[in-house]
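Enquirer: The following block contains the structure, expressed as structure tokens.
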Amino acid sequence: MIRELLESRAGEDYELYARTINPQFMRVLRTIGFDRVWARAEGQYLYDGDGTRYLDLLGGFGMFNAGRNNPRIRAALVEALELETPGSVALGVSLLPGLLAEELLRRTPPRLARVLFTSSGTEANEAAFKLGRAATGRSRVLSTEHAFHGLTLGSLSAAGDRHFTERFGPLLPGFDQVSFGDLDALEAALRREDVALFIVEPVQGHGVYLPPSGYLTQAQEICRRYGTLFAVDEVQTGFGRTGKMFAFEHWGLEPDLVAVAKSLSGGYVPVGALLMSQRVYDGVFDSLEHSVSHGSTFAPNDLAMAAGLATLREIDDAQLVERAARLGDHLLERTRPLLDRFEVVRDVRGLGLLWAMQFAEPEHGSLAWRVMERVQTGLFAQLVVVPLFTKHRILTQVAGYDLPVLKAIPPLVLTEEDVDDFVTALDDVIKKATRPTRVAGMALRAARGSTAR
Ligand SMILES: Cc1ncc(COP(=O)(O)O)c(C=O)c1O
Numbered sequence: 005m006i007r008e009l010l011e012s013r014a015g016e017d018y019e020l021y022a023r024t025i026n027p028q029f030m031r032v033l034r035t036i037g038f039d040r041v042w043a044r045a046e047g048q049y050l051y052d053g054d055g056t057r058y059l060d061l062l063g064g065f066g067m068f069n070a071g072r073n074n075p076r077i078r079a080a081l082v083e084a085l086e087l088e089t090p091g092s093v094a095l096g097v098s099l100l101p102g103l104l105a106e107e108l109l110r111r112t113p114p115r116l117a118r119v120l121f122t123s124s125g126t127e128a129n130e131a132a133f134k135l136g137r138a139a140t141g142r143s144r145v146l147s148t149e150h151a152f153h154g155l156t157l158g159s160l161s162a163a164g165d166r167h168f169t170e171r172f173g174p175l176l177p178g179f180d181q182v183s184f185g186d187l188d189a190l191e192a193a194l195r196r197e198d199v200a201l202f203i204v205e206p207v208q209g210h211g212v213y214l215p216p217s218g219y220l221t222q223a224q225e226i227c228r229r230y231g232t233l234f235a236v237d238e239v240q241t242g243f244g245r246t247g248k249m250f251a252f253e254h255w256g257l258e259p260d261l262v263a264v265a266k267s268l269s270g271g272y273v274p275v276g277a278l279l280m281s282q283r284v285y286d287g288v289f290d291s292l293e294h295s296v297s298h299g300s301t302f303a304p305n306d307l308a309m310a311a312g313l314a315t316l317r318e319i320d321d322a323q324l325v326e327r328a329a330r331l332g333d334h335l336l337e338r339t340r341p342l343l344d345r346f347e348v349v350r351d352v353r354g355l356g357l358l359w360a361m362q363f364a365e366p367e368h369g370s371l372a373w374r375v376m377e378r379v380q381t382g383l384f385a386q387l388v389v390v391p392l393f394t395k396h397r398i399l400t401q402v403a404g405y406d407l408p409v410l411k412a413i414p415p416l417v418l419t420e421e422d423v424d425d426f427v428t429a430l431d432d433v434i435k436k437a438t439r440p441t442r443v444a445g446m447a448l449r450a451a452r453g454s455t456a457r
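So the mapping is simple: this note's numbering equals the position in the sequence shown, first residue as 1, plus 4.
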């Protein structure tokens, strides 16, 4: 049935999407030339209708760590479907959720003792806020400036970034932010001993900002000192992304709460989870009456659980964690020289396969920079992202806050050759992006795109 539908309606993708879902998004894609009709996907590649291959350094915003359409994860899903497993009994349980919880806990520090499944990353964070409040009897939630925890109201309240929150207020009371890396501000905020939890991304995903040395270890210590739960959002950094199974392992942290999602199901089925300490569990689920204090209908569904089990096995068998570490080093090694080569490149940073290049106006001025940044802050990066895609067939994204950032978060099945192709393409597009002749047309298109409402 699906095959027939796809064949009989082939090519209608964008027109139908615009008519039924979101015409503004389609205008954006058209403006920047990203409106390809995709035919198939495999590993780290997407293929358009002509069979042309694109290198996907975006990985569905980081949900394809194990590669797109991974055959072993797919086989586990088919098997689960064929077995017609008796999942989601609601008033009853089945085996698969327990098995996946066991595998997650086996990979995390002993402090984490229980798992609550969700269907997304933001839902896992919402659970952290709710359970953290109940477990501590405190109402305040502290997070870091420029954090990203998801787009539901609780997570938006923790993000605190105007770009995501304006027009959607009022946000939840009791949520405050401190600057990422500022331990004095953290301690000052916790001293009154009324903060339930401090939530932090080990690496801030939106602009790929790495924590200052010692920050996370000391943040955890300060949290313990004032009875605040230390919550780590691993939604983007988890499952091998940074060259460890979980990013918190880089600093030997032992969080009280850990949110995961994205790649846990291999990108096939929505899934997320909140891992919590025994203390948190006991503080919330403290009686028969409170045994179902939180949850959502689809969260522990058998398909998500089967996909999760197969994904964890695949990450181990294919040694994707080690691969991310090795290729991340290679990527940094190959892209750092661009700092010397181009004045407009101000920083190159990353951990494993979470990588970013930050641009800034050259000291001697750049017409390209001034034109693009006048249209909209951060737009210069589009001068890189667009030709990377249209000319070199490499999918990346613009990220960051005050300065434009180019970000890559590819499937961990990437090869050295892919990295080298990316570096060659990057060198070419940055060289051309700073040439004034290229700028006028792009600025015009960007201006039209940015004012599209
Ligand atoms: C660090 C982080 N937390 C939470 C989320 C939200 O996850 P979801 O989109 O599954 O709700 C994201 C999504 O990009 C994320 O990067």
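Glycine included, C-beta positions come from ideal geometry on N, C-alpha and C. Here the structure is a predicted model, which is why all the values come from computation and not from measurement.
#1: Less than 6 Å between the CB of His-167 and some heavy atom of ligand 1, yes or no?
#2: Which residue comes first and which comes last in the beta strand (DSSP E) that contains Arg-353?
#3: On the three-pair Cβ rule with 8 Å, is the segment 276-287 touching the segment 145-153?
#4: Quick one: measure Cβ to Cβ for Gln-208 and Gly-66, integer angstroms, because I've assumed they're closer than 8 Å.
#5: Under a CB-based cut-off of 7 Å, is Gly-244 close to chain B?
#6: By DSSP's criteria, Gln-362 is part of a beta bridge. Which residues make up the other side?
#7: Taking the C-alpha atoms as reference points, what is the distance between Trp-373 and Leu-116?
#8: Would Gly-15 be called buried (16 or more neighbouring beta carbons within 10 Å of its own) or exposed?
#9: Start and end of the alpha helix (DSSP H) containing Asp-2?
#10: For the candidate residues Gly-178, Ala-412 and Ala-429, whose alpha-carbon lies nearest to that of His-396?
#11: With contact counted as at least three CB pairs below 8 Å, one residue from each stretch, are the segment 176-191 and the segment 111-131 in contact?
#12: Hey, is the segment 414-424 in contact with the segment 55-73, meaning 3+ C-beta pairs nearer than 8 Å?
#13: Thinking just about the alpha-carbon of each residue, which of Gly-91, Asp-39 and Ile-226 is nearest to the one in Met-309?
#14: Identify every residue that forms a DSSP beta bridge with Ser-281.
#15: At the level of alpha carbons, what is the spacing between Leu-331 and Tyr-21?
#16: By DSSP, does Glu-149 sit in helix, in strand, or in coil?
#17: Looking only at C-alpha atoms, which of His-294, Leu-316, Val-97 and Phe-393 sits nearest to Arg-245?
#18: What span of residues does the beta strand (DSSP E) with Ala-263 cover, start to end?
#19: Does Gly-47 come out as helix, strand or coil in the three-state DSSP assignment?
#20: Are there three or more Cβ pairs, one per stretch, closer than 8 Å when the segment 89-104 is compared with the segment 292-299?
#21: Leu-33 lies in the alpha helix (DSSP H); which residues open and close that run?
#22: Just tell me which of His-153, Ser-217, Trp-359 and Ile-434 has its CA closest to the CA of Asp-237.
#23: What would DSSP say about Thr-122, mapped onto helix, strand or coil?
#24: Report the option in Glu-367, Val-325, Val-348 and Gln-282 whose CA atom is closest to the CA atom of Leu-120.
#25: Taking all protein chains shown into account, do 16 or more other C-beta atoms lie within 10 angstroms of the C-beta of Leu-392, making it buried, or fewer, making it exposed?
#26: Starting from Asp-344, follow the alpha helix (DSSP H) in both directions and report where the run begins and ends.
#27: May I have the straight-line CA-CA distance separating Pro-341 from Pro-366, to the nearest angstrom?
#28: Mind checking Phe-252: buried by the 16 CB within 10 Å criterion, or exposed?
#29: Per DSSP, which one or two residues make a beta bridge with Phe-234?
#30: Check whether the segment 181-191 and the segment 218-236 are in contact - that is, three or more C-beta pairs closer than 8 Å.
#31: Count the other CB atoms, across all protein chains shown, that sit within 10 Å of the CB of Ile-319; report buried if there are 16 or more and exposed otherwise.
#32: When DSSP labels each residue in this structure, what does Arg-110 get in the three-state scheme?
#33: I think Val-352 touches Leu-371, with their Cβ atoms under 8 Å apart; what is that distance to the nearest whole Å?
#34: May I ask you to report which of helix, strand or coil DSSP gives Phe-179?
#35: Quick one: grab the DSSP three-state call for Gln-380.
Expert: Taking the definition as stated:
#1: No, Cβ of His-167 sits at least 6 Å from all heavy atoms of ligand 1.
#2: Here the beta strand (DSSP E) through Arg-353 covers 349-355.
#3: Between the segment 276-287 and the segment 145-153 there are fewer than three inter-stretch CB-CB distances shorter than 8 Å, so the stretches are not counted as touching.
#4: 13 Å between Cβ atoms; not a contact.
#5: Absent here is chain B; the protein component of the structure consists of one chain.
#6: Answer is Asp-351 and Val-409, bridged to Gln-362.
#7: C-alpha separation (whole angstroms): 48 Å.
#8: Residue environment for Gly-15: exposed (fewer than 16 other C-beta atoms within 10 angstroms of its C-beta).
#9: One cannot answer for residue 2 here, as it falls past the ends of the chain, which runs 5 to 457.
#10: Nearest in C-alpha terms to His-396, of all of Gly-178, Ala-412 and Ala-429, is Ala-429.
#11: In this structure the segment 176-191 does not lie against the segment 111-131, because fewer than three pairs of beta carbons, one per stretch, are closer than 8 Å.
#12: With the cut-off at 8 Å, the segment 414-424 and the segment 55-73 touch.
#13: Cα-wise, what sits closest to Met-309 is Gly-91.
#14: As computed with DSSP, Ser-281 is found in a beta bridge with Leu-116.
#15: A direct Cα-to-Cα measurement between Leu-331 and Tyr-21 gives close to 36 Å.
#16: In this structure, Glu-149 counts as coil in the three-state DSSP scheme.
#17: Arg-245 has its Cα closest to that of Leu-316, out of His-294, Leu-316, Val-97 and Phe-393.
#18: DSSP places Ala-263 in the uninterrupted beta strand (DSSP E) bounded by 261-264.
#19: Strand.
#20: Touching, no, given that fewer than three Cβ pairs across the two stretches are closer than 8 Å.
#21: Following the DSSP letters along the chain, one finds Leu-33 inside the alpha helix (DSSP H) bounded by residues 27-35.
#22: Nearest of His-153, Ser-217, Trp-359 and Ile-434 to Asp-237, Cα basis: His-153.
#23: DSSP, reduced to helix, strand and coil, places Thr-122 within a strand of the structure shown.
#24: Out of Glu-367, Val-325, Val-348 and Gln-282, Gln-282 has the C-alpha closest to the C-alpha of Leu-120.
#25: Leu-392 counts as buried, since no fewer than 16 other beta carbons sit within 10 angstroms of its beta carbon.
#26: Its alpha helix (DSSP H) spans residues 342-345.
#27: Across the structure, Pro-341 and Pro-366 are spaced so that their CA atoms are roughly 17 Å apart.
#28: Phe-252 sits buried, since 16 or more C-beta atoms from the chains shown fall within 10 Å of its C-beta.
#29: Secondary-structure assignment with DSSP links Phe-234 through a beta bridge to Phe-202.
#30: Yes, the segment 181-191 is in contact with the segment 218-236.
#31: Burial is judged here by how many other beta carbons sit within 10 angstroms of a residue's own beta carbon; Ile-319 has at least 16 and is buried.
#32: When DSSP states are grouped into helix, strand and coil, Arg-110 belongs to the helix group.
#33: Wrong, their Cβ atoms sit about 24 Å apart, outside the cutoff.
#34: Residue state for Phe-179 is assigned as strand, using DSSP reduced to three classes.
#35: Correct three-state label for Gln-380: coil.
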